[in-house]
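Have a look at the structure below before the remarks.
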Amino acid sequence: MATLAPTAHLQLPFFDAAHQQLAADLSVWAAKQQVDEQDDRQACREWVRRLGQAGWLRHCVPAAFGGARAQLDSRTLVILRETLAFYSPLADFAFAMQGLGSGAITLAGTAAQKSRYLPAVAGGELIAAFALSEEQAGSDAGAMSTSATLGPSGTVTLHGSKTWISNGGMADYYCVFAKTDAQAGTRGITAFIVDAATPGLDASEHIAVMAPHPLATLHFDQCQLPADAQLGELHGGFKLAMRTLDIFRASVAAAALGMARRALALAVDYAQARPMFGQRLADFQLTQAKLGEMVALVDAGAMLTYRAAWLRDCVGTEGAQQARDYTAAAAMAKMVATENAQRVIDMALQMHGGMGVRVGSKIESLYRDIRALRIYEGATEVQLLILGKSLLRAASSPTQ
Ligand code: COS
């Protein structure tokens with residue numbers, strides 16, 4: 000029988016009955032899915048189709064545009080990503096990218112943009128992508144050089160390249176961030192929705208990574224975009240990108256948590272089954288201490304992740320102070336949960352001995368799967384920067 004994702008943490012006061020039911024239903028569904036993941040692109044398409052058909056993607060968009068709830072609910076995103084990542088990190092990736100690639104439209108799209116894209120994202124009929132990073136602008140997102148020049152009739156010419164773009168080469172559209180005022184730094188960036196079929200867009204340069212998932216470099220060669228491609232305010236793109244990332248950072252933490260919980264479950268099973276020196280591996284105090292350390296690391300990441308999601312859902316981000324508190328909480332959750340998950344998976348692999356490094360074993364693939372989470376959507380170092388700045392700001396204006 001397949002190992003089922005644990006659910007005891009859903010009794011914590013962060014969650015309500017709807018969250019508990021969602022987690023139970025998703026776990027039953029996810030445990031039954033059999034997707035051949037040898038070809039990452041084909042597998043991702045299949046996951047998007049299944050997640051759409053089963054209704055899970057409806058949690059990525061608001062109810063007015065085909066979604067499940069009036070507003071995006073962070074705790075729901077956390078439960079979905081944690082549970083999916085427990086069973087299949089690629090399923091989690093497919094889910095997350097539908098959310099990240101549509102998040103800026105949810106936050107800032109016109110009614111026409113929302114109607115055109117969001118219901119199709121929720122149904123799994125359109126594959127979404129978020130294009131922020133560039134060769135020379137990863138953590139320093141404001142240093143991007145892709146340009147968008149506005150013509151007299153409102154049309155836009157997009158020129159430059161984006162890289163490390165998830166769903167690159169298979170997305171139906173991209174939310175692209177580009178400089179509309181080269182001299183204005185982060186205040187000179189605007190977002191645009193770029194359909195994949197736009198002439199001049201080349202997304203054929205795929206990037207292979209250690210835990211295969213669809214990634215590509217996008218080249219925009221004087222792409223002509225219609226006036227209604229602009230997403231949100233002119234020069235408001237950087238803040239829009241940051242607000243979008245804020246929502247999903249806590250959910251990256253949740254994905255890490257799902258992988259760590261799976262590794263811990265595998266370690267417990269293995270320790271109980273493995274005979275060693277006339278006992279079981281689990282009977283050694285060294286093993287018990289290791290398992291104790293692992294469960295504490297998992298729980299520490301979990302508490303910070305659930306706190307961040309709860310803050311956004313129940314305290315809100317309307318006030319300036321609330322928004323700052325949430326940004327810091329999401330950064331802390333992302334950093335701690337991904338770093339802790341890496342350690343937990345490494346310890347679980349060590350416990351498995353030679354079996355842990357055998358290609359094709361679950362623990363070996365988790366070891367590769369977890370690594371990128373400490374880098375994407377704001378590397379650990381960026382989260383540290385966000386936290387440090389936030390602390391200094393609070394110290395210099397204590398009444399804020
Ligand atoms: N929500 C809303 N606005 C935000 C914000 C947030 N979370 N974070 C920053 N801003 C605003 C700031 O308030 C500031 O506004 P003003 O121009 O009105 O002062 C503006 O954005 C610039 O902020 P800041 O000066 O902090 O920007 P920096 O260039 O120093 O960048 C970091 C800050 C490093 C935090 C940012 O570049 C970042 O998050 N980088 C990582 C990007 C990333 O995640 N890349 C991965 C791509 S997706 S896989």
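Note that the sequence shown covers residues 0 to 399 in numbering that gives the first Met the number 0.
Just so it is clear, CB atoms sit at the ideal spot from N, CA and C, and this is done for glycine as well.
Task: Endpoints, the alpha helix (DSSP H) within which residue 21 is located - done: Residue 21 -> alpha helix (DSSP H) spans 16-31.
Task: Residue closest to residue 127, alpha-carbon to alpha-carbon, out of 113, 138 and 300 - done: The residue with the shortest Cα to Cα distance from residue 127 is 113.
Task: Own chain partners of residue 335 with C-beta closer than 8 Å, once the 5 adjacent residues on each side are dropped - done: Correct list, in chain order: 252, 299, 300 and 303.
Task: Proximity of residue 365 and residue 258 at Cβ, strictly below 7 Å - done: It is a contact, given that the beta carbons lie within the stated cut-off.
TODO: Taking only the alpha-carbon atoms, compute the straight-line gap between residue 0 and residue 201 and give it to the nearest angstrom.
DONE: Low confidence applies here, because residue 0 scores a pLDDT of 49, under 50, leaving its location unreliable and the question unanswered by this model.
Task: Coarse secondary structure for residue 219, derived from DSSP in three states - done: In the structure shown, residue 219 falls within a strand segment according to DSSP collapsed to helix, strand and coil.
Task: Pair within 7 Å by beta-carbon distance, residue 82 and residue 121 - done: No.
TODO: Check residue 279 in the structure and name its three-state DSSP category.
DONE: In this structure, residue 279 counts as strand in the three-state DSSP scheme.
TODO: May I ask whether a heavy atom of the ligand COS can be found less than 6 Å away from the beta carbon of residue 143?
DONE: Checking every heavy atom of the ligand COS against the Cβ of residue 143, none is found closer than 6 Å.
Task: Those runs of the beta strand (DSSP E) which lie wholly inside the region 128-196 and span at least 3 residues - done: Within the region 128-196, the complete beta strand (DSSP E) runs of at least 3 residues are 146-149, 155-165, 172-178 and 188-194.
TODO: Locate the alpha helix (DSSP H) running through residue 363, then write down its first and last residues.
DONE: 361-370 is the extent of the alpha helix (DSSP H) around residue 363.
- [ ] Please say whether residue 322 and residue 310 have beta carbons closer to each other than 7 Å?
- [x] Judged by beta-carbon spacing, residue 322 lies beyond the 7 Å limit of residue 310, meaning their Cβ atoms are not closer than that value.
TODO: May I have the straight-line CA-CA distance separating residue 291 from residue 330, to the nearest angstrom?
DONE: When rounded, the distance between both Cα atoms is 26 Å.
TODO: List the endpoints of the continuous beta strand (DSSP E) containing residue 204.
DONE: Its beta strand (DSSP E) spans residues 200-205.
TODO: Let me know the secondary structure DSSP gives residue 229 once reduced to three states.
DONE: In this structure, residue 229 counts as strand in the three-state DSSP scheme.
TODO: Report the rounded CA-to-CA distance for residue 422 versus residue 13, giving the unit in angstroms.
DONE: Because the chain is modelled from 0 through 399, residue 422 falls outside the range shown and cannot be assessed.
- [ ] Following the continuous alpha helix (DSSP H) through residue 302, name the residue where it begins and the one where it ends.
- [x] That run of the alpha helix (DSSP H) goes 284-309.
- [ ] Within the same chain, show all residues whose beta-carbon is closer than 7 Å to that of residue 378, passing over the 5 residues directly before and after it, in chain order.
- [x] Closer than 7 Å at the Cβ level, and outside the excluded window around residue 378, lie 138.
Task: Check whether residue 255 and residue 372 have beta carbons under 7 Å apart - done: At the C-beta level, residue 255 and residue 372 come within 7 Å of one another.
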